[in-house]
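Trainee:
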Amino acid sequence: MKRDNINAMNAPQPRGGYSQAVSLENFQRLLFVSGQIPMNSDDLLPDGFEAQARQVWLNVDAQLKAAGMTKTDIVKVTTYLADRHHVVANREIRNDYLGSLAPAMTVVIAGIFDSAWLLEVEVVAAQ
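Under my numbering, the first residue of the sequence shown carries the number 389, and numbering increases by one thereafter.
1. According to DSSP, is F437 helix, strand or coil?
2. Have a look at N478, A409, F437 and A490 and flag the residue whose alpha-carbon is nearest the alpha-carbon of V496.
3. Assuming G436 contacts A490 under a Cβ cut-off of 8 angstroms, what Cβ separation, rounded to an integer in Å, is found between them?
4. I need the boundaries of the beta strand (DSSP E) containing L486, first residue and last residue.
5. Identify, in the order they occur along the chain, each residue of the same chain with its Cβ nearer than 6 angstroms to the Cβ of E413, setting aside the five sequence neighbours on each side.
6. Anyone know if the C-beta pair for I425 and A470 falls short of 8 angstroms?
7. In whole angstroms, what separates the C-alpha of L452 from that of P402?
8. Within 10 angstroms of its Cβ, does D372 collect 16 or more other Cβ (buried), or is it exposed?
9. Measuring only the C-alpha atoms, how far is N447 from N428?
10. In angstroms with no decimal places, state the Cα-to-Cα distance between Q515 and A492.
11. Given a threshold of 16 other Cβ atoms within 10 Å of its Cβ, counted over all protein chains shown, does S407 qualify as buried or as exposed?
12. With DSSP run on the structure shown, which of helix, strand or coil describes N428?
13. Measuring only the C-alpha atoms, how far is D392 from D461?
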């Protein structure tokens with residue numbers, strides 16, 4: 389698969405570890421991972437934003453592995469935050485997980501299905 393990150397010079401440059409667009413060529417499959425919530429497999433909800441965010445990324449990772457993929461296959465991330473005050477912590481934890489990978493990204497401040505959940509993350513991956 390050929391993957392190119394695109395950041396047009398005549399548009400705002402990305403800030404915070406993402407690309408404005410990601411172009412894929414010669415890929416064989418796409419995986420759409422539903423919004424992952426901050427509960428573990430025992431239905432336990434961690435306390436606090438950082439613990440919930442780390443759990444969400446563990447859940448994303450579990451879905452990728454179940455599909456025979458890894459985080460390096462992620463091409464798009466959409467994050468729903470319950471509170472804009474978590475933007476900086478979200479970016480730091482996301483960057484811890486993704487490293488230098490710079491997928492296309494959207495962050496939305498929104499009401500989330502369960503008021504105890506502080507975020508939800510969905511991804512698109514390609515191989």
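Think of the CB as a built atom: it goes at the ideal place given N, C-alpha and C, for glycine as much as any other residue.
From a predicted model like this one, the values you see are computed outputs, not experimental measurements.
Mentor: Let's see:
1. Position 49 of the sequence shown, counting from 1, holds the residue named residue 437. Reduced to three states, the DSSP call for F437 is helix.
2. As a first step, residue 496 must be located in the sequence shown, where it is residue number 108. Nearest C-alpha to V496: N478.
3. As a working mapping, residue 436 is identified with position 48 in the sequence shown. As a working mapping, residue 490 is identified with position 102 in the sequence shown. G436 to A490, Cβ: 27 angstroms. No contact.
4. For the purposes of this step, residue 486 is identified with residue 98 of the sequence shown, where counting begins at 1. It is not in any beta strand (DSSP E) - L486 instead sits in the alpha helix (DSSP H) that spans V475 to L486.
5. Here residue 413 is taken as the residue at index 25 of the sequence shown, counted from 1. Within the same chain, E413 has close Cβ partners K390.
6. The count along the sequence shown starts at 1 and reaches residue 425 at position 37. The count along the sequence shown starts at 1 and reaches residue 470 at position 82. No. Outside cutoff.
7. Start at 1 with the first residue of the sequence shown, and residue 452 comes out as number 64. Start at 1 with the first residue of the sequence shown, and residue 402 comes out as number 14. About 25 angstroms.
8. Given that the chain is displayed from residue 389 to residue 515, the structure contains no residue 372 and the question cannot be resolved.
9. Taking the first residue of the sequence shown as position 1, residue 447 is located at position 59. Taking the first residue of the sequence shown as position 1, residue 428 is located at position 40. The straight-line gap from Cα to Cα measures roughly 7 angstroms.
10. On the sequence shown, residue 515 is found 127 positions in, with the first residue counted as 1. On the sequence shown, residue 492 is found 104 positions in, with the first residue counted as 1. Whole-angstrom Cα-Cα distance: 16 angstroms.
11. Against the sequence shown, residue 407 aligns to sequence position 19. Buried.
12. In the sequence shown, the residue the question calls residue 428 occupies position 40. Coil.
13. Sequence index remark: in the sequence shown, residue 392 carries index 4 (1-based). Sequence index remark: in the sequence shown, residue 461 carries index 73 (1-based). The straight-line gap from Cα to Cα measures roughly 13 angstroms.
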